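Q: First the structure, then my questions, so here it is.
There are 2 protein chains.
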Amino acid sequence: MAQQHLDPPTDPTAGSVAGDVLADYLRAQATEFLRSLRQHRETGGGGGTPARANSSAGENGSEESGDAARALRRSARRISGSLHTFRPLLDPDWSEAMRPELAWLSGTLAREHAYSARLERLLGALNRLSGSAALPSQTGSDPAAVPKGQLTVGAAKAGALLDRQLTLARTRAHSAALQALGSSRFHAVADSVAVLASEVPLTPAAAATDLRPLAAAAADRLTDAVAALPLVTAGHPYNAEALVHGLSADTAPQPQDAPWHQVRLLLRLHRYAREVLYGEQCPVDVRLLAAGQALNRHRDAAEAASAAASAARTPRIAPATAYALGVLHADQRHEVEAARFAFQQAWQKEAVRTP
Amino acid sequence: MAQQHLDPPTDPTAGSVAGDVLADYLRAQATEFLRSLRQHRETGGGGGTPARANSSAGENGSEESGDAARALRRSARRISGSLHTFRPLLDPDWSEAMRPELAWLSGTLAREHAYSARLERLLGALNRLSGSAALPSQTGSDPAAVPKGQLTVGAAKAGALLDRQLTLARTRAHSAALQALGSSRFHAVADSVAVLASEVPLTPAAAATDLRPLAAAAADRLTDAVAALPLVTAGHPYNAEALVHGLSADTAPQPQDAPWHQVRLLLRLHRYAREVLYGEQCPVDVRLLAAGQALNRHRDAAEAASAAASAARTPRIAPATAYALGVLHADQRHEVEAARFAFQQAWQKEAVRTP
Chain A
1 MAQQHLDPPT DPTAGSVAGD VLADYLRAQA TEFLRSLRQH RETGGGGGTP ARANSSAGEN
61 GSEESGDAAR ALRRSARRIS GSLHTFRPLL DPDWSEAMRP ELAWLSGTLA REHAYSARLE
121 RLLGALNRLS GSAALPSQTG SDPAAVPKGQ LTVGAAKAGA LLDRQLTLAR TRAHSAALQA
181 LGSSRFHAVA DSVAVLASEV PLTPAAAATD LRPLAAAAAD RLTDAVAALP LVTAGHPYNA
241 EALVHGLSAD TAPQPQDAPW HQVRLLLRLH RYAREVLYGE QCPVDVRLLA AGQALNRHRD
301 AAEAASAAAS AARTPRIAPA TAYALGVLHA DQRHEVEAAR FAFQQAWQKE AVRTP
Chain B
1 MAQQHLDPPT DPTAGSVAGD VLADYLRAQA TEFLRSLRQH RETGGGGGTP ARANSSAGEN
61 GSEESGDAAR ALRRSARRIS GSLHTFRPLL DPDWSEAMRP ELAWLSGTLA REHAYSARLE
121 RLLGALNRLS GSAALPSQTG SDPAAVPKGQ LTVGAAKAGA LLDRQLTLAR TRAHSAALQA
181 LGSSRFHAVA DSVAVLASEV PLTPAAAATD LRPLAAAAAD RLTDAVAALP LVTAGHPYNA
241 EALVHGLSAD TAPQPQDAPW HQVRLLLRLH RYAREVLYGE QCPVDVRLLA AGQALNRHRD
301 AAEAASAAAS AARTPRIAPA TAYALGVLHA DQRHEVEAAR FAFQQAWQKE AVRTP
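Top to bottom, those sequences are chains A and B. Residue numbers are given in full-length UniProt numbering: position 216 of the first sequence equals residue 216, and the series is strictly consecutive. Residue numbers are given in full-length UniProt numbering: position 133 of the second sequence equals residue 133, and the series is strictly consecutive.
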């Protein structure tokens, strides 16, 4: 039943051989990967300045290099996802060796941007909580440019502490990414992708294998995982569920978040499977888009809340700083709850449409 | 239009003289006031133990005395509210002298209970935020009995700090209430109420005055005040409005709360006016009840949030304590937001029913 309403009823692969459809998609993504890699090298991706460069001279190159890294991750995720969903069509040795390498690469490249976005989110929240109208998005992409005039001492100190900690983490992530891109491990991945761009290692049976049951299985894994989510609770506004462990002694990431993160990954795999099947003509499913955005927001808010809690464990901070970080943590956990509500609302829409 | 759907369509005062209806109501409330006062004196309301007595010997007396104080406040509020709404029917000098005295009395008597309830709310929230299942309501009425085993150091210290501060405030409020009940000012109020119980000072025109336009005016004041509330925002879950000044430098009560507090008072006056008109047969309006409960919760959460913020300004507290108080403050401000949403939902129900 799940795949019935997750996939359009027509069969776009009719007439073309299943293996060819998958090979075309993988070749296109591999080509895109190589193009982004070239662009990343040309725009100073090998330079020493982190993505959020404050010097205007390095800004353009840094921004373009950030775009190139994003595009690189985008195709790496799509290749990896397709290898997973359409496993039976591909040479198992090759594809099983390839996936962890792609995951390593996109994980390494994602970190720098994640720290930068986290800092921007937290400083924006501090401003909002201080009743200040100015948000980072209105002052350009530089989160440090947020006016601190209206902030209380605690909020300003909390902002400075988060800025210090997350900027350090970002700089380290930047170095790690540079190191990764220069490593022999990376060159091996790039070589594999280059091979993929010309020749996809399909199994002999690939031509006769139907892609649709495999895509449907991905859709099923998604709907099963969604069914296991506490959606009834999430659909009740202000259920106060997300902050339930807000003061627990456990410093590990909240276990209640894990199933939502898992659904986020499965939703992505489902989306990629649809892209393989329907290609460029793939109709944009507004509902999947909204659900995916809610889950991205869920992940970002959960990580920001955790960063605020971790900053509060810095030794010798002032009580006012700790207080502001506590307010900030709770605020981001409520964002987590709001994102779950938004996901429930988006997902619900489909249930209504289904007869 | 407002009073059309706020009041039942029948005219229960038809056949009886308006002045008599109001006089009957006031006499009944005055009698109830005197009865509660007697009960309060008999059950040790004049004793030295605050309402939350820990000794089992004083517990019953203290509980009954608390009930008596509540009943005293209940009738004081009703008398005061009726004097206000039906002003033109009553001797102006007498009624204008009486109202501030009744307000002083019920305000003085309310404080002790308010501090006790606030502490219970905050300790309950600290437990909830620590992922502890035990809530104060399950361990009896004594908030100090909340198990602290699962609390982090910060949450436990925050709880102890709040316990200290609010218990001190409650003890002071208890003494102030005792002092008030022994004062000549109080005896003057009690004497006035005793007069009211036998003879209501109506104006000569009272018999010919219609109560309904006056009750309708009270209903109009309520609907006008509700119309001025930001209900569209409140109706969007997770609008993050209540925490907007969560970290602002201003330590005064949040100005955004004031119109909601005002609606709470006007809702009460409207309810009392209905009681005067319809007496004991007054149909219970579930919607008014739900709306009123939401506004009580709004007030309680706002004051609890403010108590947490004020505890965080205690000199020389540990950062972990301050952090827990920050989380607690934000949690209670979200309760404020949730209460506004609940009010909007309750109020909305009527709008749907109205053609």
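Glycine included, every Cβ here is placed at the ideal spot set by N, Cα and C. All values reported here derive from a predicted model rather than from experimental measurement.
Looking at the C-beta of valine 232 of chain B, does it have a partner C-beta in chain A at a distance below 9 Å?
A: False, the Cβ-Cβ gap to chain A never drops below 9 Å.
Q: Of all the options B:Arg340, B:Ala330 and B:Val327, which has the alpha carbon lying nearest to the alpha carbon of arginine 264 of chain B?
A: Checking every option, the nearest Cα to that of arginine 264 of chain B belongs to B:Arg340.
Q: So, does the CB of tryptophan 347 of chain A fall closer than 9 Å to a CB anywhere in chain B?
A: No, tryptophan 347 of chain A lies away from the interface with chain B (no Cβ there is under 9 Å from its Cβ).
Q: Would you mind sorting proline 237 of chain B into buried or exposed? The rule is 16 or more other CB atoms within 10 Å of its CB.
A: Buried: at least 16 other Cβ atoms inside 10 Å.
Q: Can you find a CB in chain B that lies within less than 9 Å of the CB of aspartate 20 of chain A?
A: For aspartate 20 of chain A, the answer is no, since every Cβ of chain B falls outside 9 Å of its Cβ.
Q: Going by the beta-carbon positions, is the gap between alanine 273 of chain A and alanine 215 of chain A smaller than 9 Å?
A: Yes.
Q: What residue range is occupied by the uninterrupted alpha helix (DSSP H) comprising asparagine 239 of chain A?
A: No alpha helix (DSSP H) holds asparagine 239 of chain A; DSSP gives it neither H nor E.
Q: With a threshold of 9 Å between beta-carbons, can alanine 324 of chain B be considered close to chain A, or not?
A: Output row for alanine 324 of chain B: interface = yes.
Q: Which residue wins for smallest C-alpha separation from arginine 185 of chain A, given the options A:Ala103, A:Arg333 and A:Arg212?
A: Residue A:Ala103 is the option with its Cα nearest to arginine 185 of chain A.
Q: Would arginine 128 of chain B pass as an interface residue toward chain A - the criterion being a Cβ-Cβ separation below 9 Å?
A: Chain A contact via Cβ: present.
Q: Just checking: is the beta-carbon of phenylalanine 341 of chain B within a distance shorter than 9 Å of some beta-carbon in chain A?
A: Interface residue, yes.
Q: If we count the other Cβ atoms within 10 Å of its Cβ and call it buried at 16 or more, is histidine 187 of chain B buried or exposed?
A: Histidine 187 of chain B is exposed by the Cβ-count criterion.
Q: From which residue to which residue does the alpha helix (DSSP H) around proline 213 of chain A run?
A: First-last of the alpha helix (DSSP H) with proline 213 of chain A: 211–227.
Q: Looking at glutamate 245 of chain B: is its Cβ nearer than 9 Å to the Cβ of leucine 295 of chain B?
A: Checking the displayed sequence, the identity of residue 245 of chain B turns out to be histidine instead of glutamate. The answer is no: Cβ separation not under 9 Å.
Q: Cα-Cα, which of B:Asp24, B:Arg27 and B:Arg70 is closest to leucine 37 of chain B?
A: Out of B:Asp24, B:Arg27 and B:Arg70, B:Arg70 has the C-alpha closest to the C-alpha of leucine 37 of chain B.
Q: Select from A:Ala169, A:Ala125 and A:Gly182 the residue whose C-alpha is nearest the C-alpha of residue 369 of chain A.
A: Any property of residue 369 of chain A remains undetermined from this structure, which presents chain A solely from 1 to 355.
Q: When DSSP labels each residue in this structure, what does leucine 289 of chain A get in the three-state scheme?
A: Three-state result, leucine 289 of chain A: helix.
Q: Quick one, which of A:Leu161, A:Ile79, A:Leu231 and A:Leu162 has its alpha-carbon nearest glutamate 32 of chain A's?
A: The residue with the shortest Cα to Cα distance from glutamate 32 of chain A is A:Ile79.
Q: Can you check which of these residues, A:Val200, A:Asn127, A:Ser306 and A:Leu288, is closest to tryptophan 347 of chain A by C-alpha distance?
A: Among A:Val200, A:Asn127, A:Ser306 and A:Leu288, the Cα nearest to that of tryptophan 347 of chain A is on A:Leu288.
Q: Name the chain A residues whose beta carbon is nearer than 9 Å to that of leucine 159 of chain B?
A: Leucine is not the amino acid found at residue 159 of chain B; the sequence shown has glycine there. Going along chain A, no residue has its Cβ under 9 Å from glycine 159 of chain B, so there is no contact; the nearest lies around 10 Å.
Q: Which runs of the alpha helix (DSSP H), 4 residues or longer, sit entirely within the segment 291–336 of chain B?
A: You should have found no qualifying run.
Q: Is the beta carbon of arginine 73 of chain B closer than 9 Å to that of leucine 105 of chain B?
A: Contact flag set, yes.
Q: Of all Cβ atoms in chain A, is any one closer than 9 Å to the Cβ of tyrosine 238 of chain B?
A: Interface residue, yes.
Q: Bridge partners for leucine 202 of chain B per DSSP, in chain order?
A: The partner list for leucine 202 of chain B (beta bridge, DSSP) reads B:Leu90.
Q: Note down, in chain order, every chain B residue with its Cβ under 8 Å from the Cβ of glycine 107 of chain A.
A: Going along chain B, no residue has its Cβ under 8 Å from glycine 107 of chain A, so there is no contact; the nearest lies around 30 Å.
Q: Beta-carbon of proline 319 of chain B versus every beta-carbon of chain A: anything under 9 Å?
A: So, interface residue.
Q: So, is leucine 168 of chain A buried or exposed, given that buried needs 16 or more other C-beta atoms within 10 angstroms?
A: Under this definition leucine 168 of chain A is an exposed residue.
Q: Does leucine 89 of chain B come within less than 9 Å of chain A when only Cβ atoms are used?
A: No, leucine 89 of chain B does not count as interfacial toward chain A.
Q: Starting from aspartate 24 of chain A, follow the alpha helix (DSSP H) in both directions and report where the run begins and ends.
A: First-last of the alpha helix (DSSP H) with aspartate 24 of chain A: 18–42.
Q: Considering only C-alpha positions, which residue in the set B:Val153, B:Leu122 and B:His40 is nearest to leucine 109 of chain B?
A: Ranking B:Val153, B:Leu122 and B:His40 by Cα distance to leucine 109 of chain B puts B:His40 first.
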